[in-house]
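*Asks:* If you read the sequences in order, they're chains H and R.
What the first sequence shows, in the UniProt record's numbering, is residues 1 to 418, in sequence order.
What the second sequence shows, in the UniProt record's numbering, is residues 1 to 418, in sequence order.
Dropping the structure in here first, questions after.
2 protein chains.
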Amino acid sequence: MFNQYRIPRENLLNRAADVTEDGQYVSSFSDPSKILGAALENLSAVQHSSTVVDVSNNISCTNWPRPVKYHDLTKDKRQVEQWRLFGYVAAAVVFRIYIQSFAQVYLNIVEKSHMGENVDNLSEAVSEIHAMVSCSKPLLTWTTMEAAQQCREACGGHGYLKCANLGDIRSNHEPTVTYEGDNNVLQQQAGNWLLRQYSAARAGELLDCPLNTVTFLRHHNTVASLVFTANNTAQLKTTQFIMSTYKWLICYLLKQTYDKYEALLAKGLTKFQAKNKSQVYRWRNLTKAYSEYLALMFSLEAIEKKEETLKPVLYKLFTLYGLWSLDRHLVELYQGGYCVGEEPAKLLREAVMELCSDLKSEIVSVVDALAPTDFVLNSVLAKSDGRLYQNLQKALVGHPGTFERAHWWRQVVPSAKL
Amino acid sequence: MFNQYRIPRENLLNRAADVTEDGQYVSSFSDPSKILGAALENLSAVQHSSTVVDVSNNISCTNWPRPVKYHDLTKDKRQVEQWRLFGYVAAAVVFRIYIQSFAQVYLNIVEKSHMGENVDNLSEAVSEIHAMVSCSKPLLTWTTMEAAQQCREACGGHGYLKCANLGDIRSNHEPTVTYEGDNNVLQQQAGNWLLRQYSAARAGELLDCPLNTVTFLRHHNTVASLVFTANNTAQLKTTQFIMSTYKWLICYLLKQTYDKYEALLAKGLTKFQAKNKSQVYRWRNLTKAYSEYLALMFSLEAIEKKEETLKPVLYKLFTLYGLWSLDRHLVELYQGGYCVGEEPAKLLREAVMELCSDLKSEIVSVVDALAPTDFVLNSVLAKSDGRLYQNLQKALVGHPGTFERAHWWRQVVPSAKL
């Protein structure tokens, strides 16, 4: 549509670089350190993605009051609903703490850089942050999509109601998986960075991770030799089990990805072709595991600093999110020999169910803490007064025209009859 | 809202049963065989669910032309898109053949019964059909939901366009997972029937499955002793591997469910409580596997009778659907010892990727065969002329008001400026 459509050169956005009248690309910076500063502007991509992540998390938090209040989830007979919903509530809490911590780290670096202060390993930090955001945005936006769907289903027929506001939330959130970086493309970028770190670790070189998100790769051989040794659910419901299992998982998936990628290069494929062919299963699972690990790592540090009275419920939510997420990686845990036989999957799933049951008396308070006000929530199903059916009735009888005939009624009722 | 609202007794729908003036329940049939006929009316539930299944499948078929034509999926570099889409296309084909075959079986029984002819094991057949529909409706409606989402994502930003008609398809389809029987409730009903058959098989009693969907349970011990022995992908891409793996899977999941359920009963729980507590993971996976097996079993029989020229592509689609679905049961295949070590999951996933690649030259024809006409499809992204960008441009410039100012433009532009 812009074929042969002329845009004058003076319309260029040329603060950091320009094109001369004879078509040469030039940078307007002579000082290399300034170019680095300008490169930091790429972080605007990070900012956009971060905003999406934040919005996505807020939407996620907005979902929960409906189904959680809709069902009386404190009852045992609601086990299926507990299982389908509580993991997502835990995810919303862990993600919120993660985003707050991570935003602080990121904004500190941006502030220092803008003030002209020296930031150690700035370009390495920028790369690491880029990798972190590139896999966190897919994790948060896809999880929120799934959560919105589970919320609607858990509210049954009432979930369709316009005044439940679940459909609109879902539709409005949906584009986040595509814009500000399509999720699949972003995952590749995180995968590239991870593979660079792993290759360096294998070669005994230094890792470029000033934020320490993959420092454990230094000991990748030791980590890879870990195995599942628990024989009761109490041993699984620990931060230590969750974090070390994730480290094993990331090492295993990196090794799989690395081996496949190298094998394809050895076959004569280009790097681009090799990445494409090794992406499905390997890169997706790898960057998903890494992003979950990031959320767990940052939120764990933050929870440890919270006031004592908050810690018990936050640890429960942390543990539930960790085990509920590991459940989805069971194939790799078995495939790589970390798990063997019937017990590991059984124990892991029992631990998830136990945590759901442990949380049932606290979940309504958790959801109330996450939720915005009734006005923002804008849903007849989750008003803070808890009067579900009365509010439904009020919405119904209060809606203009509820008791009127449709204007086209004469078209469907032969006039002779009435 | 109907509190103290009186409805006269004469408004009762009382063809098969009634309530007398003094409140007694009476059946209006004296002949027991007639009561059975009336009970067949319960099949109206089956009919409703079947209709949902059929509509769901049609919607599923309607989705595909967009993303498949949107991408040039015949190219190797599109491996992620092939992987995310082709499995669902294969599912749509297998489901369509399954529904056609199954509807024929069902309608034959209904016809005979309505004509007053004798149907062997009528009440057993009714129970089996009820179980089949109760798990097939969740399978088809949930799969179509996932497919609609994948289609939208695969079309990127263009997928949001109103004129792409993907959002409306998704929203209109969404209620199917709840109405005519909530999917979770229906799965329990199928689970009940399956568990009854398994208990009978364990006790050496006769199975009540005139449609032969679980006849293999007679040999549940032999089936349970099967293990994964393939050492190349060719051995996996066979109908024999798929069907026997599903039989193992169903036996394993039944044994897990049975053991858990019995253990809970032994602890003193009621049947209702025990079912609730054994549902998550076990009943869901069990009825999902059974429904996939049904789709495969019925479609395989039908494909074997198709004309020779159609068979190669139909077998490829059948095999892709079978392996792609088994991929999602890998945890249980490992947990139960059917698979051990790194190779099985690796081979299975390689086989899926190979089948995607094998199908790339045929997939557009397959999608065209599934799809309704352009008018019904009603999407700018998938017109049969294949002129994607020209059609997008036409839709954009042809839309009333595209080149007009918004009526509220004065509110955002200070009048002094223009």
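Each residue gets a CB set at the ideal place from its N, CA and C atoms; glycine is no exception.
Note that the structure is a prediction, hence the values are computed from the model and not measured.
In or out: Ser44(H) buried (at least 16 other Cβ within 10 Å) or exposed?
*Replies:* Low confidence applies to Ser44(H): its pLDDT is 49, below 50, so where it sits in the model is not reliable, and the reading given next is rough at best. That one is exposed.
*Asks:* Between the C-alpha atoms of Ile99(R) and Gly167(H), what's the straight-line distance to the nearest angstrom?
*Replies:* Rounded to whole angstroms, Ile99(R) to Gly167(H) spans 30 Å at the Cα level.
*Asks:* With 16 other CB atoms within 10 Å as the buried threshold, where does Gln197(H) fall?
*Replies:* Per the 10 Å Cβ criterion, buried.
*Asks:* Exposed or buried, which one is Tyr261(R) when buried takes at least 16 other CB atoms within 10 Å?
*Replies:* Classification for Tyr261(R): buried.
*Asks:* Keeping to the same chain, check which residues put their C-beta closer than 8 Å to that of Glu343(H); ignore five residues upstream and five downstream.
*Replies:* For Glu343(H), where only same-chain residues beyond five positions count, the Cβ hits under 8 Å are Asn231.
*Asks:* Could you tell me whether the Cβ atoms of Phe95(R) and Ala295(R) are closer together than 7 Å?
*Replies:* Cβ distance < 7 Å, so Phe95(R) and Ala295(R) count as in contact.
*Asks:* Determine, for Ser44(R), whether the minimum Cβ-Cβ distance to residues of chain H falls below 7 Å.
*Replies:* Any answer about Ser44(R) is weak, because its pLDDT of 49 lies below 50 and its placement is not dependable; what the coordinates show is given next. Output row for Ser44(R): interface = no.
*Asks:* In whole angstroms, what separates the C-alpha of Gly337(H) from that of Ala263(H)?
*Replies:* Roughly 22 Å separates the two Cα atoms.
*Asks:* Does the region 264-284 of chain H touch the region 203-216 of chain H, meaning 3 or more C-beta pairs lie closer than 8 Å?
*Replies:* Segments in contact, no.
*Asks:* Using CA atoms only, rank isn't needed, just tell me which of Glu153(R), Val53(R) and Ala406(R) is closest to Thr141(R).
*Replies:* That would be Val53(R), whose Cα lies nearest to the Cα of Thr141(R).
*Asks:* Run down chain R in chain order and give the residues with a C-beta less than 7 Å from the C-beta of Ala148(H).
*Replies:* The premise fails here: Ala148(H) is roughly 11 Å from chain R at the closest Cβ pair, so nothing lies under 7 Å.
*Asks:* Is the beta carbon of Val80(H) less than 7 Å from the beta carbon of Asn184(R)?
*Replies:* The answer is yes: Cβ separation under 7 Å.
*Asks:* At what residue ranges does the region 338-381 of chain R contain a whole run of the alpha helix (DSSP H), taking only runs of 4 or more?
*Replies:* List check, alpha helix (DSSP H) in window: 343-359, 363-370 and 374-377.
*Asks:* Just tell me which of Ala154(R), Ser56(R), Asn121(R) and Val214(R) has its CA closest to the CA of Lys137(R).
*Replies:* Comparing Cα-Cα distances from Lys137(R) to each of Ala154(R), Ser56(R), Asn121(R) and Val214(R), the minimum goes to Ser56(R).
*Asks:* Answer with yes or no whether the minimum CB distance from Tyr334(H) to chain R is below 7 Å.
*Replies:* Closer than 7 Å to some Cβ of chain R, the Cβ of Tyr334(H) qualifies, so yes.
*Asks:* Cutting at 6 Å between CB atoms, please list the residues of its own chain near Ala406(R), excluding the five before and the five after it.
*Replies:* Closer than 6 Å at the Cβ level, and outside the excluded window around Ala406(R), lies no residue.
*Asks:* Less than 7 Å between the C-beta atoms of Trp283(R) and Gly398(R), yes or no?
*Replies:* Their beta carbons are not under 7 Å apart, which means Trp283(R) does not touch Gly398(R) by this criterion.
*Asks:* Any beta carbon of chain R sitting closer than 7 Å to that of Glu153(H)?
*Replies:* Yes, Glu153(H) counts as interfacial toward chain R.
*Asks:* Taking just the CA atoms, how far does Asn378(R) sit from Leu310(R)?
*Replies:* If you take the alpha carbons of Leu310(R) and Asn378(R), they lie about 28 Å apart.
*Asks:* Are the region 144-153 of chain R and the region 117-130 of chain R in contact at 8 Å, needing three or more beta carbon pairs?
*Replies:* Touching, no, given that fewer than three Cβ pairs across the two stretches are closer than 8 Å.
*Asks:* Return the first residue and the last residue of the beta strand (DSSP E) that Val26(R) is part of.
*Replies:* It spans Tyr25 to Ser27 - the beta strand (DSSP E) in which Val26(R) sits, taken as one unbroken run.
*Asks:* May I ask you to list the residues that DSSP assigns as paired with Asp18(H)?
*Replies:* Looking at the DSSP assignment, Asp18(H) forms a beta bridge with Val26(H).
*Asks:* With a cut-off of 7 Å, does the C-beta of Gln4(R) fall near any C-beta of chain C?
*Replies:* No chain C appears in this structure, whose protein chains are H and R.
*Asks:* Less than 8 Å between the CB atoms is what I'm expecting for Phe298(R) and Ser101(R), so what's the real figure, rounded?
*Replies:* Contact flag correct, Cβ pair sits at about 4 Å.
*Asks:* Measure the alpha-carbon distance for Ile7(H) versus Thr178(H) and round it to whole angstroms.
*Replies:* Ile7(H) and Thr178(H): Cα-Cα distance of roughly 28 Å.
*Asks:* Inspect the CB distances between the region 307-323 of chain H and the region 353-362 of chain H and report whether three or more fall short of 8 Å.
*Replies:* Contact between the region 307-323 of chain H and the region 353-362 of chain H is present, because at least three Cβ pairs lie under 8 Å.
*Asks:* What residues in the region 312-332 of chain H have a beta carbon less than 7 Å from any beta carbon of chain R?
*Replies:* If the cut-off is 7 Å between Cβ atoms, the region 312-332 of chain H has Leu330 and Val331 near chain R.
*Asks:* Please report the residue range of the alpha helix (DSSP H) in which Asn391(R) lies.
*Replies:* Where Asn391(R) is concerned, the enclosing alpha helix (DSSP H) stretches over Leu388 to Gly398.
*Asks:* Considering only residues of the same chain and omitting the five flanking positions on each side of Val19(R), which have a CB-CB separation below 8 Å?
*Replies:* These residues qualify, in order along the chain: Arg9, Leu12, Tyr25 and Val26.
*Asks:* Please identify the residue among Asn165(R), Tyr246(R) and Thr373(R) whose C-alpha is closest to the C-alpha of Thr287(R).
*Replies:* Checking every option, the nearest Cα to that of Thr287(R) belongs to Tyr246(R).
*Asks:* Please return the same chain residues whose Cβ sits closer than 8 Å to the Cβ of Leu269(H), not counting the five positions on each side in sequence.
*Replies:* Excluding positions up to five away in sequence, the list reads Lys277.
*Asks:* Measure the Cβ-Cβ separation of Cys163(H) and Val380(H) and say whether it is below 7 Å.
*Replies:* In contact: Cys163(H) and Val380(H) (Cβ atoms closer than 7 Å).
*Asks:* Among Val412(H), Ile303(H), Ala17(H) and Ala92(H), which residue has its Cα nearest to the Cα of Ala371(H)?
*Replies:* Taking only the C-alpha atoms, the option nearest Ala371(H) is Ala92(H).
*Asks:* Can a CB atom of chain H be found closer than 7 Å to the CB of Thr402(R)?
*Replies:* No, because no Cβ of chain H sits closer than 7 Å to the Cβ of Thr402(R).
*Asks:* Quick check: is the beta carbon of Asp157(H) nearer than 7 Å to any beta carbon in chain R?
*Replies:* According to the sequence provided, residue 157(H) is Gly. The question's Asp does not apply to it. Interface residue, yes.
*Asks:* In whole angstroms, what separates the C-alpha of Ser113(R) from that of Gln240(R)?
*Replies:* Cα to Cα, Ser113(R) sits roughly 35 Å from Gln240(R).
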